[in-house]
Ligand code: NDP
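In my numbering, the protein residues as written are 7 to 254.
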């Protein structure tokens, strides 16, 4: 499977940290050229240098459609193609329904859901020119499958990504572009660490495998969905959660 990804250009939004960095590492290890997109270029440049010489950092803000068009053009100019898009950038601030402000809702939807739209739309002209195109969206089990108190905006944003994913899969099937999603459970990242040790301990204890996932766990699911061999899979989701959502 991995040989088919060698030499392909892979865009990873939010590739400077956490799950995105894990996705970037897995693709780079298998010979892809990887474009990390994030707002903090210092952090992104450090991540690119950490991962390897086939990885470059680009400034992009997924909430801004024009910014994403500029970065997609730059990535295509640098690497000569865009074959795979991993729409992964996301935020998960917490606010209860009673305390949530309208602007709290908007920033989460604009980053997680509209950000995926901006990313896919900006990369589409290049994906259409590729031998075959792959879009992999990082959704979540929270929203599509479960809820979590304090995350109504986040859950809505992650469920909405799946509606987008299925519709994009239908629209792009004739262009030899597949669109799928990975749905992580609880994966140990800086973002998740920000929720506090109590949350991490409580989660690990509640997962059948008794541990949080690693960023590479998500990277390998994305690698499979992006491979040539997964070319007949579209509009689907892969849950990577250590058994968290299984009923006992
Ligand atoms: P992190 O907070 O560790 O990393 C988030 C990344 O997204 C950073 O690279 C950040 O860079 C980037 N980012 C945030 N906002 C923007 C923006 N407006 N434009 C461009 N890049 C942006 O998060 P995780 O790795 O934990 O999460 C990544 C994805 O995985 C998210 O979509 C999240 O919903 C999903 N997920 C995570 C789970 C987990 O357990 N960790 C579980 C389920 C899903 P910068 O700030 O420099 O822009």
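For each residue, glycine too, the CB sits at the ideal point set by N, CA and C.
| Check | Outcome |
| --- | --- |
| I'd like to confirm something about residue 97: is its beta-carbon nearer than 7 Å to some heavy atom of the ligand NDP, or not? | yes |
| Using a Cβ-Cβ cutoff of less than 8 Å, which residues in the same chain neighbour residue 147 once the five nearest sequence positions on both sides are dropped? | 189, 190, 191, 245, 247, 250, 251 |
| Given that a residue counts as buried once 16 or more other Cβ atoms are within 10 Å of its Cβ, and exposed if not, what is residue 140? | buried |
| Let me confirm a value: residue 212 is counted as buried when at least 16 other C-beta atoms fall within 10 Å, else exposed. Which label applies? | exposed |
| Taking all protein chains shown into account, decide if residue 150 is buried (16 or more other Cβ within 10 angstroms of its Cβ) or exposed. | buried |
| Once the 5 residues before and after residue 29 are set aside, which same chain residues still bring their CB inside 7 Å of it? | 18, 21, 92, 94, 224, 225, 228 |
| For residue 118, count neighbouring C-beta atoms within 10 Å of its own C-beta (all shown protein chains included) and say buried if the count is 16 or more, exposed if not. | buried |
| Under a three-way DSSP split, which group does residue 226 fall into? | helix |
| By how many angstroms is the C-alpha of residue 104 removed from the C-alpha of residue 179? | 42 Å |
| Can you tell me which of 15, 207, 162 puts its alpha carbon nearest to the alpha carbon of residue 80? | 15 |
| How would you call residue 26, buried or exposed, if buried means at least 16 neighbouring beta carbons within 10 angstroms? | buried |
| Which residue wins for smallest C-alpha separation from residue 67, given the options 216, 123, 187, 152? | 123 |
| Rounded to a whole number of angstroms, what is the C-alpha to C-alpha distance between residue 254 and residue 208? | 17 Å |
| Can you determine whether any heavy atom of the ligand NDP sits closer than 7 Å to the C-beta of residue 190, and answer yes or no? | yes |
| Where in the segment 166-249 do unbroken runs of the alpha helix (DSSP H), each at least 4 residues long, occur, reported from the N-terminal end onward? | 196-199, 203-212, 221-232 |
| Alpha carbon to alpha carbon, how far is residue 107 from residue 167? | 22 Å |
| Straight-line CA distance for residue 236 to residue 44? | 27 Å |
| Anyone know if the C-beta pair for residue 110 and residue 101 falls short of 8 Å? | yes |
| Under 7 Å: does the beta carbon of residue 46 sit that close to some heavy atom of the ligand NDP? | yes |
| Does the CB of residue 152 have a neighbour CB from chain C at under 8 Å? | No chain C appears in the structure shown, which is made up of a single protein chain. |
| Between residue 94 and the ligand NDP, is the CB less than 7 Å from at least one heavy atom? | yes |
| Please look up how many angstroms separate the CB atoms of residue 82 and residue 142, rounded, as I've assumed it's under 8 Å. | Going by Cβ atoms, the distance from residue 82 to residue 142 rounds to 18 Å, so no, they are not a contact pair. |
| If I measure Cβ to Cβ from residue 65 and keep anything under 6 Å in the same chain, skipping five residues before and after, which residues do I get? | 47 |
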